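Chemist:
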Amino acid sequence: MADDNCIFCKIAAGTIPSKKVYEDDDFYAFHDINPAAPVHVLVIPRKHIETLSACTPGDAGLVGKMMVLVPRIAAQLGVDYSGGDTGYRTVINVGPGGGQEVYHLHAHILAGPRPWSRMG
Ligand code: 5GP
Ligand code: ZN
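Next comes the structure, spelled out in structure tokens:
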């Protein structure tokens, strides 16, 4: 399930430290080490899937759960959409053309006052 060479597998396993935001049996969320916005959190499945394009129909349930988890974590962070000017951005970079740097599927949650340094 875990890839020995994958930094995000190691973060999910706790062998590389991170600032944890949320965890359950299937997912782990933590603050980005190089935040692009005042709030920048990454949500990952514990299962090592390299990228969104590597997902199979069998991963649909897991990916669906991940997307439903995003607003729950946003709410925990105090940035969920609740009318007015509130809300956040969620991004999944796919491959070099999409700016993906870490090849373990992850959703970014970005929020807070602009300007943002990137991904804005
Ligand atoms: P990608 O470009 O692959 O969509 O995003 C990877 C993100 O992971 C980047 O925003 C980067 O700052 C973050 N990142 C890379 N290595 C680490 C790490 O060791 N710890 C944490 N917390 N974030 C990391
Ligand atoms: Zn991994």
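Remember, the working numbering sits 1447 above the position in the sequence shown when you count from 1. Using N, Cα and C, we set each Cβ at its ideal position, and we do this for glycine too. These numbers come from a predicted model, not from an experiment.
#1: Does the beta-carbon of residue 1455, which I'm using as the reference point, lie nearer than 7 Å to any heavy atom of the ligand ZN?
#2: Measure the C-alpha to C-alpha separation of residue 1466 and residue 1551 and round it to an integer number of angstroms.
#3: Mind checking whether residue 1490 and residue 1476 have CB atoms under 8 Å apart?
#4: What is the residue span of the beta strand (DSSP E) that residue 1494 lies within?
#5: Taking only the alpha-carbon atoms, compute the straight-line gap between residue 1542 and residue 1534 and give it to the nearest angstrom.
#6: Bridge partners for residue 1536 per DSSP, in chain order?
#7: Between 1453, 1549, 1472 and 1496, which has its C-alpha nearest residue 1463's C-alpha?
#8: Cβ of residue 1483 within 8 Å of Cβ of residue 1558?
#9: Is residue 1566 closer than 8 Å to residue 1538 when the C-beta atoms are compared?
Modeler: On the basis of the supplied data:
#1: True, at least one ligand heavy atom lies under 7 Å from that Cβ.
#2: Distance between the alpha carbons of residue 1466 and residue 1551 is about 18 Å.
#3: Yes. Within cutoff.
#4: No beta strand (DSSP E) contains residue 1494, which DSSP labels as neither H nor E.
#5: Looking at the two C-alpha atoms, the distance is approximately 26 Å.
#6: Paired residue(s): 1557.
#7: Answer by Cα proximity: 1453.
#8: In this structure, residue 1483 keeps its C-beta atom at 8 Å or more from the C-beta atom of residue 1558.
#9: The criterion of a C-beta distance shorter than 8 Å is satisfied by residue 1538 and residue 1566.
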